[in-house]
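Below: the structure, in structure tokens.
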Amino acid sequence: MSAPIIRVEGLGKQFILHHKQRERYTALRDVLAERARSLFRSGGEKPGSTEFWALKDLSFDIHPGDRVGIIGRNGAGKSTLLKILSRIVDPTTGRVTIDGRLSSLLEVGTGFHPELSGRENIYLNGAILGMSRKEIASKFDEIVAFAEVERFLDTPVKRYSSGMYVRLAFAVAAHLEPEILVVDEVLAVGDSEFQRKCLGKMKEVAMGGRTILFVSHNMAAIQNLCSTAIYLKHGQLVSQGATGEVISTYLQDTGAAARVDLASRTDRQGNGAIRFTGFYLSDDRGQELAAAQSGSSVVFNFDIAANATSLRNLEVAMGIDDQYGQRITHLSNEVSGQAFPTADGTTRIRIRIPHCPLRNGNYTFTIFSKVNGEIADYLLNAGGFHVESGDFFGTGKTPAEDQGTFFVDHSFAIA
């Protein structure tokens, strides 16, 4: 195996969080008292401040040509890691070795001089990457065409909208041929068509053998683009390896699994023959999930307590609503033809969807049950769950986010 193009060893980044106290005024005696206390305070500790480690003891290697997705929930340290790799901030501990030219797109505003025009910033960024004016000129027309900012090329970028800024910044980062391309979630600023265009360009860059580091909450984009992935949690490495395996670990992270307690709900209807007491998501193996994923199997698990000696003709239905409260689907064992004439000893009801058709987003559910023809338990707006994006069709392509609410398995034919 070739030598790593990026080597991270024992990396840590500490921030000092200052908690400023709001006071209407500060008396002279308070200032003098605080100065006196400071004489006895150890080290560099300051009042109203705490230490926070955004990254801690992080080590991994990335090799030339790797396409690496970096995933983790908000606050996991993803953006801090990319800023250290991009030499924007310095680490507190450890070291990073980079053997190649790196171009990054991290935040709207990063890398451009606001007073310079788009044209001037293209040449400035190329010069920073060590390219000659001739090399930059050879890519200039491609950059402008990709960014679609021809009319504003000689306008100072401080007057650009955030969308225009990101389009030009990505075009520069992707076309000036760095050995390493680093892209954060900033692409979410652009419209869905531009996001697809960027992903296509990153695939093209990757096919050329260059190394890509991509941070995104969009699991479908990570799956489609990246061959390997890194999962960070609380600033530490949880998993590194094949993309599918790392995403599976991320979704199964029980530390973030969202169980819903239904036992304490008092706004329920029914005769109480059974009571729904809890809800959680799992995969087919029974592993709890923090979220479902589009295109993957998911099981809705409902723990129940039975108060009847015999459960005859059990019927269960689950209604799923989108974030606006609109009913989008109804799951029922009666409608699907799966009757339960007797269900004595039942402690859990499992509803399995083999290929989750729901898009990325938050959903709520209502749960309903009958025993021997009578309503046993009914909970309106019982709880909620989250769905991460995924490659539903297995093609590496997904429709734009504004195209519908859910996926439908289908095929085309020409007669």
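In this note's numbering, the protein residues as written are 1 to 415.
Quick reminder that beta carbons are idealized off the backbone N, C-alpha and C, glycines included.
The DSSP-derived three-state label of Leu262 is coil.
Around the beta-carbon of Lys397, fewer than 16 other beta-carbon atoms lie within 10 Å, marking it exposed. Under DSSP, Glu374 shares a beta bridge with Val371.
Each residue's CA atom was taken as its position, placing Leu237 and Ser79 some 14 Å apart. A Cβ-Cβ distance of about 7 Å is found for the pair Leu358 and Ala292, placing them in contact under the 8 Å criterion. The region 158–166 makes no contact with the region 67–82; the number of CB pairs closer than 8 Å stays below 3. Annotated three-state conformation of Lys233 is strand, per DSSP.
Per the DSSP secondary-structure output, Glu193 pairs with nothing in a beta bridge.
The Cβ-Cβ distance between Leu153 and Val183 does not fall below 9 Å.
Counting every other CB atom within 10 Å of its CB across the protein chains shown gives Gly72 a total of 16 or more, marking it as buried.
At a cut-off of 3 residues, the continuous stretches assigned as beta strand (DSSP E) that sit fully inside the region 63–98 are 67–71, 93–98.
With a cut-off of 8 Å on Cβ pairs, the region 93–103 is not in contact with the region 138–153, counting fewer than three such pairs.
For Ser248, the enclosing alpha helix (DSSP H) covers residues 243–251.
Counting C-beta pairs closer than 8 Å gives fewer than three between the region 214–221 and the region 84–96, which falls short of the contact rule. Beta bridge pairing from DSSP links Ser297 with no other residue. Counted as a single uninterrupted DSSP element, the beta strand (DSSP E) harbouring Tyr280 occupies residues 274–282. Rounded to the nearest angstrom, the Cβ distance from Gln252 to Glu204 is 33 Å, too far for a contact under 8 Å. Rounded to the nearest whole angstrom, the C-alpha separation of Ile122 and Arg167 is 12 Å. Burial of Tyr250 is indicated by the presence of at least 16 other C-beta atoms within 10 angstroms of its C-beta.
In the three-state reduction of the DSSP assignment, Val172 falls in the helix class.
Counting along the chain, no beta strand (DSSP E) covers Asp322, and no H or E run does either. Counting along the chain, Phe407 sits inside no beta strand (DSSP E), nor does DSSP assign it H or E at all. Around the C-beta of His175, 16 or more other C-beta atoms lie within 10 Å, and the residue is accordingly described as buried.
Judged by pairs of C-beta atoms under 8 Å, the region 112–130 does not touch the region 192–203, as fewer than three such pairs exist. Contact between His355 and Ser297 holds, since their C-beta atoms are separated by about 7 Å, short of 8 Å. The beta carbon of Phe300 lies closer than 6 Å to those of Ile351 in the same chain, with the five residues before and after it left out.
For Phe214, no alpha helix (DSSP H) encloses it; the enclosing beta strand (DSSP E) starts and ends at 211–215. For Ser332, there is no enclosing alpha helix (DSSP H); the enclosing beta strand (DSSP E) has its first and last residue at 327–332. Rounded to whole angstroms, Thr347 and Gln326 show a C-alpha spacing of 30 Å. When DSSP assignments are scanned along the region 131–183, the uninterrupted stretches of beta strand (DSSP E) that are 3 or more residues long and fall wholly within it turn out to be 180–183. In the structure shown, Asn362 adopts extended strand secondary structure according to DSSP, grouped into three states.
Within the DSSP bridge table, the entry for Ser239 names Tyr231 as partners. Contact check for Ala376 against Gly278 fails: the beta carbons are separated by 9 Å or more.
Rounded to the nearest angstrom, the Cβ distance from Asp344 to Leu379 is 23 Å, too far for a contact under 8 Å. For Asp66 and Lys233, the gap between their C-alpha atoms comes out near 22 Å. About 19 Å separates the beta carbon of Asn381 from that of Thr405, a gap too long to meet the 8 Å contact definition.
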